[in-house]
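Engineer: This is the structure I want to talk about, given as structure tokens.
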């Protein structure tokens, strides 16, 4: 958990975390193109009153674990795909006729 979020929650503050893309879009729609902290704060306040923003909720340990597992799965899948492509490239160079020779036995490789 973010140390700032943890600090503020411990002291009883209600937090609303705004996705940076949402605040960026709101800033783009503004007529003022000045970039200062005061203008940014004002635009965030306007966003708070115009949108139905939800207070920050702690995510459970299971959800965080699931998110990490999903990311690991995506990374491992990417590595597997890259490895298969590299293997196929080397095999094409070393043994260009392998598809004709091995035929059906090579299907697992292309799935």
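Numbering (our numbering), first residue to last: 1 to 111. The C-beta atom is built at its ideal place from N, Cα and C for all residues, glycine as well.
In whole angstroms, what separates the C-alpha of residue 78 from that of residue 67?
Structural biologist: Locating residue 78 in the chain shown gives position 78, counting from the first residue. Locating residue 67 in the chain shown gives position 67, counting from the first residue. Using only the alpha carbons, I get a separation of about 17 angstroms.
Engineer: Hey, could you find the ends of the alpha helix (DSSP H) residue 7 is sitting in?
Structural biologist: Your numbering for residue 7 matches position 7 in the chain shown. Note, residue 7: alpha helix (DSSP H), 3 to 10.
Engineer: Which same chain residues end up closer than 7 angstroms to residue 27 when comparing Cβ atoms and leaving out the 5 residues on each side of it in sequence?
Structural biologist: On the chain shown, position 27 is the one that residue 27 refers to. These residues qualify, in order along the chain: 43.
Engineer: Measure the beta-carbon distance from residue 18 to residue 47 and round it to whole angstroms, keeping in mind my assumption that it falls under 8 angstroms.
Structural biologist: Stepping through the chain shown from its first residue, residue 18 is reached at position 18. Stepping through the chain shown from its first residue, residue 47 is reached at position 47. Confirmed, Cβ separation roughly 7 angstroms.
Engineer: Would you give the residue range spanned by the alpha helix (DSSP H) that residue 20 belongs to?
Structural biologist: Mapped onto the chain shown, residue 20 falls at position 20. 20 to 29 is the span of the alpha helix (DSSP H), which, as asked, contains residue 20.
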